[in-house]
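The block underneath contains the structure these notes are about, expressed in structure tokens.
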Amino acid sequence: IMQILPHRYPFLMVDRVTRIDGNQITAEKNVTLNEPYFQGHFPGHPIMPGVLQLEAMAQVAGILTLKQADNAGKIAYFMAADKVKWRKPVKPGDVLQIDIELLRARGKVAKAKGVCTVRGEVVSEAEITFTLAGNS
Numbered sequence: 226i227m228q229i230l231p232h233r234y235p236f237l238m239v240d241r242v243t244r245i246d247g248n249q250i251t252a253e254k255n256v257t258l259n260e261p262y263f264q265g266h267f268p269g270h271p272i273m274p275g276v277l278q279l280e281a282m283a284q285v286a287g288i289l290t291l292k293q294a295d296n297a298g299k300i301a302y303f304m305a306a307d308k309v310k311w312r313k314p315v316k317p318g319d320v321l322q323i324d325i326e327l328l329r330a331r332g333k334v335a336k337a338k339g340v341c342t343v344r345g346e347v348v349s350e351a352e353i354t355f356t357l358a359g360n361s
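Residue numbers (this note's numbering): 226 to 361.
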């Protein structure tokens, strides 16, 4: 993961990739109480911020796209999020499963659909648009 993405702690939102199959990928994030954002979101009632679930989807979509040989060494920049929905809170101890399907890629711009689940229940979903930059 760290060979593909430029993100590092505390902003790397992916712990492991469990499956890559064509234009689909599944990854996981272990949500632990020692995540720095839990100090303020919310004291005594820790919940993973929804925007960080969205960021996790973007990072996993980036892994899928940047793993392709012709995209090696490039960086994926988040451009837009559409149809974003947060359905249930994500708490310390949860394993966030991130499923991404690449919907289309044209030139330097790609769009993906992401769904995050915890124990099989949907907690968030979105469509993510990003652009690739870097080595040509």
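Ideal placement from N, C-alpha and C gives every residue a C-beta, glycine not left out.
Since the structure is predicted, the reported quantities are computational estimates derived from the model, not experimental observations.
Hey, could you find the ends of the beta strand (DSSP E) residue i is sitting in?
{"i": "THR290", "result": "Run containing THR290: none in the beta strand (DSSP E); it sits in the alpha helix (DSSP H), 275-291."}
{"i": "LEU328", "result": "320-331"}
{"i": "ILE250", "result": "249-255"}
{"i": "ASP295", "result": "Per DSSP, ASP295 belongs to no beta strand (DSSP E) and is neither H nor E."}
{"i": "VAL343", "result": "334-343"}
{"i": "ILE245", "result": "241-246"}
Please return the same chain residues whose Cβ sits closer than 6 Å to the Cβ of residue i, not counting the five positions on each side in sequence.
{"i": "GLU280", "result": "MET238"}
{"i": "VAL334", "result": "THR356"}
{"i": "ALA305", "result": "THR354"}
{"i": "SER361", "result": "Unreliable positioning characterises SER361 in this predicted model, as indicated by a pLDDT of 48, which lies under 50. The coordinate reading is nonetheless provided below. Hits under 6 Å: none found."}
Going along the chain, which residues of its own chain have a beta-carbon closer than 7 Å to the beta-carbon of residue i, five neighbours each way excluded?
{"i": "ILE250", "result": "VAL242, ARG244, VAL285, ILE288, LEU289 and ILE325"}
Ignore the nearest five residues each way along the sequence and tell me which others in residue i's own chain have a CB closer than 8 Å to its CB.
{"i": "ASN296", "result": "THR290 and LEU357"}
DSSP puts residue i in a beta bridge; with which residues?
{"i": "TYR302", "result": "THR356"}
Using the beta-carbon count (16 or more within 10 Å), is residue i buried or exposed?
{"i": "LEU277", "result": "buried"}
{"i": "GLY332", "result": "exposed"}
>> So, does the region 348-357 touch the region 293-302, judging by three or more C-beta pairs under 8 Å?
In response: Put simply, the region 348-357 touches the region 293-302. At least three CB pairs are less than 8 Å apart.
>> Three Cβ pairs or more, each shorter than 8 Å: is that satisfied between the region 319-336 and the region 260-271?
In response: The region 260-271 and the region 319-336 do not touch, with fewer than three beta-carbon pairs separated by less than 8 Å.
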